[in-house]
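S.K.: Chains as they are written, first to last, in numbering that gives the first Met the number 0: chain A, 0 to 157; chain B, 0 to 711.
One structure coming up, written as structure tokens, with questions to follow.
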Amino acid sequence: MAVFNLHVNGKEQKVDVAEDTPLLWVLRDHLRLVGTKFGCGVGQCGACTVHMDGAPLRSCLMPVNAVGNAKITTIEGLSEKGDHPLQKAWDEVDVPQCGYCQSGQIMTAAALLKRTPRPTMEEIQNTMHGNLCRCGAYHRIREAVKVASTKTPTTKTK
Amino acid sequence: MSNIRFNNSRRAFLKNISLSSGGLLLGFSFMDAEASDMPALMPKDVDVAGFNSYISIANDGIVSVFSPNPELGQNIRTSFAMVVCDELDADWNKVKVIQAPLDTTKFDRQLTGGSGAIPHSWKRLRNAGATARYLLVAAAAAKWNVPASECTTENGYVLHKASGKKAGYGELATAASKITVPGEVKLKDPKDFKLIGKPIRNVENQNIVTGKPLFGLDFYRDGMVYATIQRPPAFGQKIKSVNADEAKSMPGIIDVVTFKNNVAVVGRSTWDVLKAKKTLVVEYEAEKTLESSADHAQIFSKLMESTDAKVRRKDGDVEAAFKNAAKVIKTEYECPFVPHNPLEPMNFFAHVREDGIELVGPTQTPGAARKAVSDLLKVPEDKITVDITRLGGGFGRRLKFDYVVEAAELSSIIKKPVKVIWTREDDMGGGSYRPAVRYRFEAALDANNEIIGYKCRGVGINVENPMRQDNFPSGSIDNLLIDSVEHQSPITTGAWRAPVTNFLAFAEQSFLDEIALATGKDPVQMRLDLLKRAKEKPVGPIRYDIDRMATVIKTVAEKAQWGKKKDVFQGFSVYFSHASYVGQVCEVVMKDGKPKVQKIYAVSDCGVVINSSGALQQVMGGITDGYGTAMFGKLSFRNGEPEQKNFDRYRLIRMNEIFDIDASFVNNGIDPTGLGEPALPPTGGAVANAIFKATGVRIKKQPFIDQAPFKS
Ligand code: FES
Ligand code: FES
Chain A
0 MAVFNLHVNG KEQKVDVAED TPLLWVLRDH LRLVGTKFGC GVGQCGACTV HMDGAPLRSC
60 LMPVNAVGNA KITTIEGLSE KGDHPLQKAW DEVDVPQCGY CQSGQIMTAA ALLKRTPRPT
120 MEEIQNTMHG NLCRCGAYHR IREAVKVAST KTPTTKTK
Chain B
0 MSNIRFNNSR RAFLKNISLS SGGLLLGFSF MDAEASDMPA LMPKDVDVAG FNSYISIAND
60 GIVSVFSPNP ELGQNIRTSF AMVVCDELDA DWNKVKVIQA PLDTTKFDRQ LTGGSGAIPH
120 SWKRLRNAGA TARYLLVAAA AAKWNVPASE CTTENGYVLH KASGKKAGYG ELATAASKIT
180 VPGEVKLKDP KDFKLIGKPI RNVENQNIVT GKPLFGLDFY RDGMVYATIQ RPPAFGQKIK
240 SVNADEAKSM PGIIDVVTFK NNVAVVGRST WDVLKAKKTL VVEYEAEKTL ESSADHAQIF
300 SKLMESTDAK VRRKDGDVEA AFKNAAKVIK TEYECPFVPH NPLEPMNFFA HVREDGIELV
360 GPTQTPGAAR KAVSDLLKVP EDKITVDITR LGGGFGRRLK FDYVVEAAEL SSIIKKPVKV
420 IWTREDDMGG GSYRPAVRYR FEAALDANNE IIGYKCRGVG INVENPMRQD NFPSGSIDNL
480 LIDSVEHQSP ITTGAWRAPV TNFLAFAEQS FLDEIALATG KDPVQMRLDL LKRAKEKPVG
540 PIRYDIDRMA TVIKTVAEKA QWGKKKDVFQ GFSVYFSHAS YVGQVCEVVM KDGKPKVQKI
600 YAVSDCGVVI NSSGALQQVM GGITDGYGTA MFGKLSFRNG EPEQKNFDRY RLIRMNEIFD
660 IDASFVNNGI DPTGLGEPAL PPTGGAVANA IFKATGVRIK KQPFIDQAPF KS
């Protein structure tokens, strides 16, 4: 066991865990940030996607001892009031079915929009295909990313 | 044709209950009227005897609707509330939907499966909403001293136009709660529906997109411990010896316990237990045959020739028809096992205490799960509570309750509140799969190319009946034989979204295409001709509605401009499953020498569409799932052990593999007949038929990707 100081959603968080604990389980079990989901544990589904210094990261594959000083953002910290353009677009387009994959989808999309504010459908697909949606909500996920990309952010994203 | 049963004695369903905090609480039961002796539900401070769901209207005008059925993405919570609130004329912005926990053993249908929740509840929900509205109007009329017939309702208000009086539901609620519930209420004329039929967004969207704890895996209770279970890697094995010394000594591990064929590692966090599980040294021995996929192929071939098949349906004289045939077409189709793979793996929380049991988690069948726990642990059902979390997908997997019982058993052994978590490998390797099947179809044609005889034999592994013997084309053919043979295997199987029809439809709709081509008929016209025959000269029992099926066929053919397009290859398929009808036209183009699906047109007849946004999700999701599974889905076995255990080797469809879907609805005003599954079955056949048009290659096995023209 070891103590780690993490920067999560703008806050300093101290956790005492085994040093190989994947960030996913630190977030879920120790910080109770359960918006980040477990789907496969092997980097294949994207349900566990968070941002590490703004870049998308599969938290199931990232041991906590490799996080260091990086700033972690989870779905809970994507916007203050749940009104990131993607979160709004997700509601407007009525994307979720079971909803389980959706925070991972949104986090992947948020990183894409930060890098490429006006992505083409092709760019959207080429980025988002790493996130599985077992319910097959892909058409609306794609559309919602597009919708969000046409709107200026109302809240500054982290 | 409808097998949906509604109880007519509405009176018994409704009860006005005084709410200590003021406001109106109207209980309504989903049960049959006779069974009115159910114990209380909730809220806790109110005696709601006899009722398992309710609408409450608080004095601030907030309308709460309890939704009893598990939510797994079929959007039931939104649809249920829409139906109630439409009849109620509620202000949709003031509606809250609350998941009801499991009520009692006598609950009539608190489960999710069979696309049945809406058909079952449609009238009950409307009646409940209309009754609440009646009471509010009566309260307003009494208050204003005007006839109730002069009052109207709108968006959460009762209005008396003549005097210009207006009162919100919140301010009328307490008075309304003192009025006797009427025996009969008038339901709306469907043309006055304000919510039903509209695209209403999922009531849970905001919680989902902000990552709120909604799912079973998100549930946490102070003092709870975590557990992961090692189960036999192969079906047919049992434990011979367990060495857990290393696991027990690892940090964070509380205990390792063995029960049945399970070795459970219990600890303080998920990672602690997952890590420790890897150090277990468990020896297994074969208890039953350890089957491989190659064995199954041989078993299928053998059973295909069995003289001991179970006859599912026999019309006319099939032998004579085949003897007199001018031509016989004979083909076999095959589908492999597939896992359900809901994105949220199995998990459940259980706390077995001295005085009762608490269960919390994602289940499609809370009632059956509770009964099983009660039977195993000998605790009466009324001492067991089940709270239903949101389900991160189900697809039929969570109709089984092995994972609930297992969590309860573990809690009873360790005497602690425990959450059992399955990894993806546990989940994909854990059984209850869609069964593997093979079909043999035979058609006898006369000299005029008319079908005079039809045979279908289904052989399956733990599928019981792989046939839907009274579905189309049964009823349209004079001489017909449908039978099946089953192989019993240690590999466990279960219902998978649109059970049986999800593979049978592919095989049958492909075979009908073969017949059409062999007889020089247009596949759409041939189906319509058969339906005409079934209508004019029906043979035997017919489970489908001939006119509804004909309508979706014609409508989708017209939408897709069937047979009129030059630049695409079209394939047709239509299927009746559960109680709804879906016709599909798939369009394929050739790209780099390979067929590529470009678009699927789908026309669905599910009766009244309640939520046009949610309905589109079900159709588009169903088609995407149907295509993805037909194209890529396969679980193969080697010595009893699945060869695919995670998404690295098991391929699910991804965003870059989807195509356009044009989905529309017949919307004929018939009471709703369900939509969670029916869009899926026709897809495999539509795709295979279009691929045949494009390439001349008939795909007869799933997954398509392993067959020509994708693989040489
Ligand atoms: S859980 Fe991390 S990619 Fe699937
Ligand atoms: S909405 Fe269910 S997995 Fe994506």
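Where is the CB? At the ideal position from N, CA and C, for every residue including glycine.
These figures come from a predicted structure and were not determined experimentally.
Could you please tell me which residues of the stretch 253-282 of chain B, in chain order, have their CB closer than 9 Å to any CB of chain A?
M.R.: For the stretch 253-282 of chain B, which is checked against every Cβ of chain A, the residues closer than 9 Å are R267, S268, T269, W270, D271, L273, K274.
S.K.: Measure the alpha-carbon distance for A:R114 versus B:F571 and round it to whole angstroms.
M.R.: Answer to the nearest angstrom: the Cα atoms are 43 Å apart.
S.K.: Using CA atoms only, rank isn't needed, just tell me which of B:L679, B:S603, B:Y283 is closest to B:R496.
M.R.: Taking only the C-alpha atoms, the option nearest B:R496 is B:L679.
S.K.: I want to see whether chain B comes within less than 8 Å of A:H207, judged by CB atoms only; does it?
M.R.: As displayed, chain A neither begins before 0 nor continues past 157, which places residue 207 of chain A out of reach and without an answer.
S.K.: Are there any heavy atoms of ligand 2 lying less than 7 Å away from the beta-carbon of B:G72, as far as the coordinates show?
M.R.: Yes, Cβ of B:G72 sits closer than 7 Å to a heavy atom of ligand 2.
S.K.: Out of B:F664, B:E441, B:V64, point me to the one whose CA is closest to B:A601's CA.
M.R.: Closest option to B:A601, Cα to Cα, is B:F664.
S.K.: Let me check you understand the geometry: is the CB of A:A161 closer than 7 Å to at least one non-hydrogen atom of ligand 1?
M.R.: No answer is possible for residue 161 of chain A: the residues shown for chain A start at 0 and end at 157.
S.K.: Could one say the Cβ of B:S305 lies closer than 8 Å to chain A's Cβ atoms, at least one of them?
M.R.: No, B:S305 lies away from the interface with chain A (no Cβ there is under 8 Å from its Cβ).
S.K.: Cβ-heavy atom distance between B:G392 and ligand 2 below 7 Å?
M.R.: Under cutoff, so the answer is yes.
S.K.: Within 10 angstroms of the Cβ of B:P79, are there 16 or more other Cβ atoms? Answer buried if so, exposed if not.
M.R.: In the sequence as displayed, the identity of residue 79 of chain B is Phe instead of Pro. With 16 or more Cβ atoms within 10 Å of its Cβ, B:F79 is classed as buried.
S.K.: Where does B:I490 fall in DSSP's three states?
M.R.: Note: B:I490 maps to coil in three-state DSSP.
S.K.: Let's see if you can read the secondary structure: which residues bound the alpha helix (DSSP H) around B:D294?
M.R.: 292-303 is the span of the alpha helix (DSSP H), which, as asked, contains B:D294.
S.K.: With a CB to CB cut of under 6 Å and the five nearest residues on each side skipped, what residues in its chain are close to A:A147?
M.R.: Closer than 6 Å at the Cβ level, and outside the excluded window around A:A147, lie P84, L85, A88.
S.K.: Using the Cα positions of B:K93 and B:T152, report the straight-line distance between them to the nearest angstrom.
M.R.: Approximately 15 Å between the Cα atoms of the pair.
S.K.: Could you pull the start and end residues of the alpha helix (DSSP H) that B:Y402 belongs to?
M.R.: B:Y402 -> alpha helix (DSSP H) spans 401-413.
S.K.: Any idea if B:D44 is buried or exposed, counting beta-carbon neighbours within 10 angstroms, 16 or more meaning buried?
M.R.: Residue placement at B:D44 cannot be trusted, given a pLDDT of 36 that sits under 50; what the coordinates show is reported in the next sentence. Counting Cβ neighbours within 10 Å, B:D44 comes out exposed, since fewer than 16 surround it.
S.K.: Measuring straight from C-alpha to C-alpha, what distance separates B:R712 and B:P212?
M.R.: No answer is possible for residue 712 of chain B: the residues shown for chain B start at 0 and end at 711.
S.K.: Secondary structure at B:A34, three-state DSSP: helix, strand or coil?
M.R.: Low confidence applies to B:A34: its pLDDT is 30, below 50, so where it sits in the model is not reliable enough to give any reading.
S.K.: Could you list which residues in chain B have their beta carbon closer than 9 Å to that of A:H6, in chain order?
M.R.: The premise fails here: A:H6 is roughly 18 Å from chain B at the closest Cβ pair, so nothing lies under 9 Å.
S.K.: What in chain B is Cβ-close to A:N64, meaning under 7 Å?
M.R.: Result: empty, since nearest Cβ-Cβ is about 13 Å, beyond 7 Å.
S.K.: Using the Cβ count rule (16 or more neighbours within 10 Å means buried), how would you classify A:Q124?
M.R.: Buried: at least 16 other Cβ atoms inside 10 Å.
S.K.: If you check the beta carbons only, do B:Y432 and B:F336 fall under 8 Å apart?
M.R.: Yes, Cβ-Cβ distance for B:Y432 and B:F336 is below 8 Å.
S.K.: Give the DSSP-derived three-state secondary structure of A:M51 in the structure shown.
M.R.: Three-state result, A:M51: strand.
S.K.: Would you tell me roughly how many angstroms separate the C-alpha atoms of B:A48 and B:I253, rounded to the nearest one?
M.R.: Its pLDDT being 36, under 50, B:A48 is placed unreliably by the model, and the measurement read from it follows with that caveat. Straight-line Cα distance between these residues: approximately 43 Å.
S.K.: Which whole-angstrom value is the C-beta distance of B:Q701 and B:F510, which I expect to be below 8 Å?
M.R.: Contact flag wrong, Cβ pair sits at about 15 Å.
S.K.: Taking its Cβ as the centre, do 16 or more other Cβ atoms sit within 10 Å of B:L40, making it buried, or is it exposed?
M.R.: Because the pLDDT of B:L40 is 26, which lies under 50, any placement of that residue in the model is unreliable, and the question is left without a value.
S.K.: Quick one: residues in its chain with C-beta nearer than 6 Å to the C-beta of B:A174, no 5 flanking neighbours on either side, listed in chain order?
M.R.: Result list for B:A174: A138, in chain order.
S.K.: Is any heavy atom in ligand 1 found nearer than 7 Å to the beta carbon of B:F631?
M.R.: It does not: the Cβ of B:F631 is nowhere closer than 7 Å to a heavy atom of ligand 1.
S.K.: Would a check of beta-carbon distances place A:L131 closer than 8 Å to chain B?
M.R.: A:L131 counts as touching chain B.
S.K.: In whole angstroms, give me the CA-to-CA distance for B:V404 and A:N8.
M.R.: Going by the C-alpha atoms only, they are around 38 Å apart.
S.K.: May I ask you to list the residues that DSSP assigns as paired with B:S603?
M.R.: Partner(s): B:V581, B:F664.
S.K.: With 16 other CB atoms within 10 Å as the buried threshold, where does B:S248 fall?
M.R.: Per the 10 Å Cβ criterion, exposed.
S.K.: Name the DSSP beta bridge partners of B:A263, please?
M.R.: Answer by DSSP bridge pairing, in chain order: B:I228, B:V256.
S.K.: Using a C-beta to C-beta distance shorter than 9 Å, which residues of chain A count as neighbours of B:L216?
M.R.: R27, V33, K36, F37, Y99, listed in chain order.
S.K.: Establish whether the CB of A:I74 and some CB of chain B are separated by less than 8 Å.
M.R.: Cβ-Cβ to chain B under 8 Å: yes for A:I74.
S.K.: Just the C-alpha distance for B:L87 and B:S162, rounded to the nearest angstrom, thanks.
M.R.: Looking at the two C-alpha atoms, the distance is approximately 22 Å.
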